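Visitor: Following this message is one structure expressed as structure tokens.
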Ligand code: COA
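In our numbering, the protein residues as written are 1216 to 1474.
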């Protein structure tokens, strides 16, 4: 299977999807999100695949967020469409009937942290960094981060991370339950494969049901995901959004006015 922004490899029942835009820190542009949706759906339908690993190309980044340059001129409607499409793809990862492991090999910021959180299990290399820095750009997370971060690390730590935009290292992420394991960089893929090889010996029906029921635990929660899409879209009508993204693109500090 060939993609422009992903590498898609299949070996011994495992599909490895590598986000492949290393010169842009593997930032997720709209095309990459749509390719990712296609890749997940294809591997879910493929009976030879028992599990999926998602990782990033190169030694520095898993994914450093949504592509800021691409959305810098978006209207509120375009922002809504962007968030909506991302939610569909990330939901499809979370609801995948086969285990999806994020092998986090560096920066997992913004959409990268959200992508990792949509996966069922996260393994981080010692150089991984997790955070939701959208607030620095005058926006909020738009790919499920406001909801999944609270679920994974609890309200207090999630609120701090979302408000400050601070990134945390792999060890701290493990303390807060954001990652399952921390490994040396060269042990990241072996650890992911080790977990999938254990799951491969179990009944696929039982695996499917467990994944479904773990998700079911959260299904009675409110409409936070829908609210996130609305509020993300509203951000695109603000002066602070334009100031925030321009400051990033011009490599300077943003001067927010609250408008
Ligand atoms: N969107 C678009 N481009 C991005 C990007 C993103 N989220 N993250 C990094 N890039 C690009 C940079 O603009 C730069 O491009 P250039 O070489 O054309 O100038 C390239 O990737 C390398 O990034 P750079 O910032 O030079 O690397 P660094 O090692 O100094 O810093 C980060 C790495 C991840 C800390 C920094 O790139 C960063 O803060 N990225 C944005 C994170 C973010 O806010 N994500 C949330 C988006 S909603």
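Beta carbons are placed, not taken as given, at the ideal position from N, Cα and C, and that holds for glycine.
As the structure is a prediction and not an experimental result, all values here were calculated from the model.
Since residue 1234 sits in a beta bridge, which residues does DSSP pair it with?
Guide: 1221, 1271
Visitor: Excluding the five sequence neighbours on either side, which residues of its own chain have a C-beta within less than 8 Å of the C-beta of residue 1305, listed in chain order?
Guide: 1329, 1330, 1333, 1358, 1359
Visitor: CB residue 1341 to CB residue 1385, shorter than 7 Å?
Guide: yes
Visitor: With a cut-off of 8 Å on the beta carbons, I'd call residue 1244 and residue 1292 a contact; round off their distance for me.
Guide: The Cβ separation is near 18 Å, so there is no contact.
Visitor: With distances taken from each beta carbon to the nearest heavy atom of the ligand COA, which residues come in below 7 Å, in chain order?
Guide: 1238, 1239, 1240, 1242, 1275, 1276, 1279, 1280, 1281, 1282, 1283, 1284, 1322, 1324, 1325, 1326, 1348, 1349, 1351, 1352, 1354, 1463
Visitor: Can you find the residues in the same chain that come closer than 8 Å, C-beta to C-beta, to residue 1335, ignoring five residues on each side of it along the sequence?
Guide: So the list reads 1309, 1311, 1314, 1315, 1316, 1426, 1429, once near-sequence residues are dropped.
Visitor: So residue 1283 is in the beta strand (DSSP E); what residue range does that whole segment cover?
Guide: Where residue 1283 is concerned, there is no enclosing beta strand (DSSP E), although the alpha helix (DSSP H) it sits in stretches over 1283-1286.
Visitor: What residue range is occupied by the uninterrupted beta strand (DSSP E) comprising residue 1337?
Guide: 1336-1340
Visitor: Taking only runs of the alpha helix (DSSP H) that begin and end inside the stretch 1344-1406, which ones reach a length of at least 4 residues, in chain order?
Guide: If you keep only unbroken alpha helix (DSSP H) runs of at least 4 residues inside the stretch 1344-1406, you get 1360-1368, 1370-1379, 1385-1390.
Visitor: Which two residues bound the contiguous beta strand (DSSP E) that contains residue 1245?
Guide: First-last for residue 1245: 1245-1260, but that is the alpha helix (DSSP H), not the beta strand (DSSP E).
Visitor: Buried or exposed, going by whether 16 or more other CB atoms sit within 10 Å of the CB of residue 1251?
Guide: Classification for residue 1251: buried.
Visitor: Helix, strand or coil for residue 1463? Go by DSSP, reduced to three states.
Guide: helix
Visitor: Alpha carbon to alpha carbon, how far is residue 1266 from residue 1321? Give it in angstroms, no decimals.
Guide: Answer to the nearest angstrom: the Cα atoms are 22 Å apart.
Visitor: For residue 1257, tell me which candidate among 1272, 1235, 1231 has the shortest Cα-Cα distance.
Guide: 1231
Visitor: In the DSSP assignment, the beta strand (DSSP E) including residue 1305 goes from what residue to what residue?
Guide: Residue 1305 -> not in any beta strand (DSSP E); alpha helix (DSSP H) instead, spanning 1291-1309.
Visitor: Looking at residue 1271 and residue 1242, is the spacing between their C-beta atoms short of 7 Å?
Guide: no
Visitor: Less than 6 Å between C-beta atoms, sequence neighbours within five positions excluded: which residues of the same chain meet that for residue 1372?
Guide: Answer for residue 1372: 1391, listed in chain order.
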